[in-house]
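Q: All the letters of the sequence shown, read from the start, carry residue numbers 67 to 472 under our numbering.
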Amino acid sequence: TTTLDLEVIVNPIANAVSPLEVCDDDSDGLSVFDLTLRDLEAVGVQTGMVVTYHETESDADNGVNALTSPYNNIVPNVQTVYVRVESGTTGCYDTTELLLLVNPLPTLVSVTDYVLCDDDMPGDQTELFDLSSKDAEVSNGQPVTVSYYPTLVDAEMGTNAHMSPYANVGSPETVYYTLTHTTTGCTNIGSFELVVNPLPQIVNPTDLEVCDDGVPDGLTSIDLTLKNQEITGGNPNYSVSYHLDQVDADSGSNLLPVPYTNTSNGQVVIVRVEDIATGCHATVPLTLVVEQAPVASTPAPLEYCDPDSDGFGVFTLTDLDAAITSGDPTLTVSYHETMADADNNVNALSSPYNNIVEDQQVVYARVESATIATDCATLIEVLLIVNPTPQILDPTPLEVCDDVSA
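#1: Output the boundary residues of the beta strand (DSSP E) element that contains aspartate 160.
#2: Roughly how many angstroms lie between the CA atoms of isoleucine 140 and leucine 133, to the nearest whole one?
#3: Are glycine 393 and asparagine 421 closer than 8 Å when you measure CB to CB?
#4: Work out the CA separation of leucine 383 and serine 400 for me, nearest whole Å.
#5: When you compare the CB positions of isoleucine 297 and isoleucine 268, do they come within less than 8 Å of one another, or not?
#6: In angstroms with no decimal places, state the Cα-to-Cα distance between glutamine 358 and glutamine 191.
#7: So which of Asp316, Val281, Val181 and Ser176 has the shortest CA-CA distance to serine 257?
#8: Which whole-angstrom value describes the C-beta separation of serine 417 and proline 360, a residue pair presumed to lie in contact below a C-beta threshold of 8 Å?
#9: Does DSSP classify leucine 450 as helix, strand or coil?
#10: Relative to the alpha-carbon of aspartate 374, which residue among Tyr326, Ile342, Glu424 and Ala389 has its alpha-carbon at the smallest distance?
#11: Find the nearest neighbour of glycine 157 within the set Ala362, Leu464 and Val76, judged by alpha-carbon distance.
#12: Between the beta-carbon of glutamate 121 and the beta-carbon of valine 147, is there less than 8 Å?
#13: Spell out a yes or no on whether the segment 196-210 and the segment 240-260 are touching, meaning 3 or more CB-CB pairs, one atom from each, closer than 8 Å.
#14: Pick out whichever of Cys89, Leu182 and Val219 has its Cα sitting closest to the Cα of proline 172.
#15: Count the other CB atoms, across all protein chains shown, that sit within 10 Å of the CB of glutamine 145; report buried if there are 16 or more and exposed otherwise.
#16: Three or more C-beta pairs under 8 Å: does that hold for the segment 282-291 against the segment 438-452?
#17: Give the range of the alpha helix (DSSP H) segment to which asparagine 294 is assigned.
#18: On the three-state DSSP scale, how would you describe serine 153?
#19: Throw me the rounded Cβ distance for the threonine 161 and alanine 202 pair, which I believe falls under 8 Å.
#20: Quick one: residues in its chain with C-beta nearer than 8 Å to the C-beta of proline 351, no 5 flanking neighbours on either side, listed in chain order?
#21: Would serine 230 pass as a contact of leucine 260 if the rule is Cβ separation under 8 Å?
#22: Does the Cβ of glutamate 465 have 16 or more other Cβ atoms within 10 Å, making it buried, or fewer, making it exposed?
#23: Which value, in whole angstroms, describes the spacing of the CA atoms of valine 355 and alanine 388?
#24: Taking the Cβ atom as the reference point for each residue, do threonine 349 and aspartate 316 lie within a distance shorter than 8 Å?
#25: Pick from Tyr215, Val281 and Ser237: whose alpha carbon is nearest that of valine 534?
#26: Is it right to say threonine 391 is buried, meaning 16 or more other beta carbons lie within 10 angstroms of its own, or is it exposed?
#27: Check threonine 398 in the structure and name its three-state DSSP category.
#28: Closest to leucine 96 by CA distance: which of Pro142, Val116, Leu274 and Gly154 is it?
#29: Relative to the C-alpha of cysteine 346, which residue among Gly114, Asn303, Ala227 and Thr217 is closest?
#30: Looking at the secondary structure, which residues open and close the beta strand (DSSP E) in which glutamate 340 lies?
Structure, rendered in structure tokens:
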């Protein structure tokens with residue numbers, strides 16, 4: 067007889083392993099995996115085990131066609147490979163599955179430039195940018211965290227992240243951002259520009275001086291747009307609006323109507339000048355001044371005795387100056403044949419003047435003050451009268467009867 071010893075060898079256990087995940091850097095669903103990273107999980111506390119990886123369960127069971135590591139997956143995005151855990155002394159083995167996951171990178175979208183106007187210190191091209199205000203745009207609804215960096219290298223390394231608000235150092239300036247998926251940890255990198263647009267270049271205007279409307283209250287209807295050209299320097303890319311106060315001007319609300327009736331003489335309104343292309347604006351105060359027209363008196367008609375009684379004569383118009391101005395030396399007087407000429411200060415008549423309307427003619431005196439900067443003027447009518455000269459006829463003899471007889 068003989069003795070046969072039977073020994074039951076404990077079979078190795080291939081523990082369940084967590085998936086291997088990598089990020090897809092070229093959106094093809096394929097990447098490189100270091101399979102050995104799951105050796106310890108598969109073996110656990112067992113000793114003397116040999117771990118191999120196989121593309122099929124059959125290969126794992128037969129211990130053939132072991133995969134080399136690092137390994138390039140052959141099934142895009144998700145692939146199962148098989149782990150064989152074998153005792154180095156007994157040859158017993160167990161298998162388990164390993165999931166290979168190629169996670170997509172967060173999707174980049176077209177991001178608009180972050181544009182501000184050069185408001186804080188006009189001309190320095192530097193502003194404070196709230197970079198976090200771009201989070202929603204760059205993430206586009208994806209479950210990601212967002213960070214901002216000065217260079218591509220910093221974004222790749224995750225170093226020197228910008229704090230928000232961030233003061234730019236140039237314009238335009240490129241900012242790089244990273245999108246990191248909150249579950250997979252995959253990161254993608256994009257960029258956008260920081261742009262600081264200059265404010266409109268405007269001119270501080272002189273006072274807008276207009277003439278009173280005939281009522282000496284310092285109030286009148288004013289065409290505010292008379293200052294557009296001066297303030298903008300004639301730039302056609304600027305739009306101009308007028309506002310009651312700085313708050314309205316800054317917000318671009320409650321535009322004053324044109325023409326505008328001032329509420330006090332010397333009133334200050336705020337002018338808003340906006341660059342049509344960029345939307346940036348600048349403001350400047352404008353003082354409204356209503357000048358009273360000179361006080362002038364209507365003179366008595368200027369009369370001429372017509373020696374030939376033809377209805378035409380010669381008038382020394384300047385003889386009326388003193389009566390019209392009441393002797394004020396600061397006032398000047400010019401005479402015109404029509405109201406339109408007097409109003410526009412054109413075609414002044416020379417003195418002496420020959421009337422052109424027989425017997426009676428109205429001409430118009432324009433009275434201006436040398437002390438008023440505007441061309442405010444008072445217009446009055448002057449009546450020219452041509453008086454005929456009595457004509458003396460040769461009389462017939464005056465005959466009487468002699469009632470005293472010789």
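Quick reminder that beta carbons are idealized off the backbone N, C-alpha and C, glycines included.
A: According to the structure data:
#1: Your numbering for residue 160 matches position 94 in the sequence shown. Going by DSSP, aspartate 160 is part of the beta strand (DSSP E) stretching over 159-169.
#2: Reading the sequence shown from its first residue, position 74 is the one you call residue 140. Reading the sequence shown from its first residue, position 67 is the one you call residue 133. When only Cα atoms are considered, isoleucine 140 and leucine 133 end up about 12 Å apart.
#3: As a first step, residue 393 is located in the sequence shown; it is residue number 327 there, counting from the start. As a first step, residue 421 is located in the sequence shown; it is residue number 355 there, counting from the start. Contact flag unset, no.
#4: In the sequence shown, residue 400 corresponds to position 334, counting from 1. In the sequence shown, residue 383 corresponds to position 317, counting from 1. The straight-line gap from Cα to Cα measures roughly 9 Å.
#5: The residue labelled residue 297 in the question sits at position 231 within the sequence shown. The residue labelled residue 268 in the question sits at position 202 within the sequence shown. Contact flag set, yes.
#6: In the sequence shown, the residue the question calls residue 358 occupies position 292. In the sequence shown, the residue the question calls residue 191 occupies position 125. About 46 Å.
#7: Here the question's residue 257 lines up with position 191 in the sequence shown. Per the Cα distances, Ser176.
#8: For the purposes of this step, residue 417 is taken as residue 351 along the sequence shown, with counting starting at 1. For the purposes of this step, residue 360 is taken as residue 294 along the sequence shown, with counting starting at 1. Distance from serine 417 to proline 360 at the Cβ level is roughly 20 Å; contact not present, criterion being Cβ atoms closer than 8 Å.
#9: Counting from 1 along the sequence shown, the entry for residue 450 is found at position 384. Correct three-state label for leucine 450: strand.
#10: For the purposes of this step, residue 374 is taken as residue 308 along the sequence shown, with counting starting at 1. Selected option, being the one with the closest Cα: Glu424.
#11: Along the sequence shown, read from residue 1 onward, the residue named residue 157 stands at position 91. Selected option, being the one with the closest Cα: Val76.
#12: Taking the sequence shown and counting its residues from 1, one reaches residue 121 at position 55. Taking the sequence shown and counting its residues from 1, one reaches residue 147 at position 81. Contact flag set, yes.
#13: At 8 Å Cβ cutoff, the stretches touch.
#14: Counted from its first residue, the sequence shown places residue 172 at position 106. Looking from the CA of proline 172, the closest CA among Cys89, Leu182 and Val219 belongs to Cys89.
#15: Along the sequence shown, read from residue 1 onward, the residue named residue 145 stands at position 79. Around the beta carbon of glutamine 145, 16 or more other beta carbons lie within 10 angstroms, which makes this residue buried.
#16: Counting C-beta pairs with one atom in each stretch, the segment 282-291 and the segment 438-452 have fewer than three that are closer than 8 Å, which means they do not touch.
#17: For the purposes of this step, residue 294 is identified with residue 228 of the sequence shown, where counting begins at 1. From DSSP, the alpha helix (DSSP H) with asparagine 294 extends over 294-298.
#18: Along the sequence shown, read from residue 1 onward, the residue named residue 153 stands at position 87. Residue state, collapsed to three classes: strand.
#19: Here residue 161 refers to the residue found at position 95 of the sequence shown. Here residue 202 refers to the residue found at position 136 of the sequence shown. Not confirmed; about 47 Å, so no contact.
#20: Along the sequence shown, read from residue 1 onward, the residue named residue 351 stands at position 285. Apart from the 5 residues on each side of it in sequence, proline 351 sits with its Cβ closer than 8 Å to the Cβ of Val334, Val335, Ile336 and Val337 in its chain, given in chain order.
#21: Here residue 230 refers to the residue found at position 164 of the sequence shown. Here residue 260 refers to the residue found at position 194 of the sequence shown. Leucine 260 sits away from serine 230, with the two beta carbons spaced by 8 Å or more.
#22: As a first step, residue 465 must be located in the sequence shown, where it is residue number 399. Sixteen is the threshold: since fewer than 16 other Cβ atoms of the shown chains lie within 10 Å of the Cβ of glutamate 465, the residue is exposed.
#23: Against the sequence shown, residue 355 aligns to sequence position 289. Against the sequence shown, residue 388 aligns to sequence position 322. In a straight line, the C-alpha of valine 355 is about 29 Å away from that of alanine 388.
#24: The residue labelled residue 349 in the question sits at position 283 within the sequence shown. The residue labelled residue 316 in the question sits at position 250 within the sequence shown. Their beta carbons are under 8 Å apart, which means threonine 349 touches aspartate 316 by this criterion.
#25: Here the chain has residues from 67 to 472 only, and residue 534 is not among them.
#26: As a working mapping, residue 391 is identified with position 325 in the sequence shown. Buried, since its Cβ has 16 or more Cβ neighbours within 10 Å.
#27: The residue labelled residue 398 in the question sits at position 332 within the sequence shown. Strand at threonine 398.
#28: Numbered from its first residue, the sequence shown carries residue 96 at position 30. When each option's Cα is compared against that of leucine 96, the closest is Pro142.
#29: The residue given as residue 346 occupies position 280 in the sequence shown. The option with the nearest alpha carbon to cysteine 346 is Asn303.
#30: The residue labelled residue 340 in the question sits at position 274 within the sequence shown. Residues 333-341.
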